[in-house]
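For the numbering used here, add 1114 to where a residue sits in the sequence shown, where the first one is 1. We put the beta carbon where it would ideally sit given N, CA and C, even for glycine.
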Amino acid sequence: MAPPEPAKPGLPAERTLLSWERSAFGFLVGGALILLRQHGPLGPERGWLAITAALLALLVLVLGYRRSHQIRAGTGADDRMVLAEPQTEVVLIGAATVVFALAVSGVLLFAW
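Below you can see the structure in the form of structure tokens.
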């Protein structure tokens, strides 16, 4: 019987950080698409949505780096993870995503 492979201590933190970075990239793409829209002039509402998208992306990155750091620091002496659930962060980003999507939909439908 082969011995079990040792756990790689950095993988959970790395996967978590990559996940949050993908979410931040999604906000940036959403803001860029608002600016690249071909119909009508670039109004202030589209500019504010792009700025909001960039700020949301920064918020997601900060939360992701914080969570990754918590995972790295949360490994106990017996290599077990002792962490609180990321419920607050997930609800915050989920709500921000819904509000941003509704704002983008409103601007695209009613701005011209």
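### Query
Hey, would you say S1137 sits closer than 8 Å to V1176, going by beta carbons?
no
### Task
Give the DSSP-derived three-state secondary structure of L1156 in the structure shown.
coil
### Message
To the nearest angstrom, how far is the alpha carbon of P1126 from that of E1135?
### Response
14 Å
### Message
Given the structure, does L1170 come close to the ligand SAM, in the sense that its CB is under 7 Å from one of the ligand's heavy atoms?
### Response
With respect to the ligand SAM, the structure offers nothing, as it holds no ligand at all.
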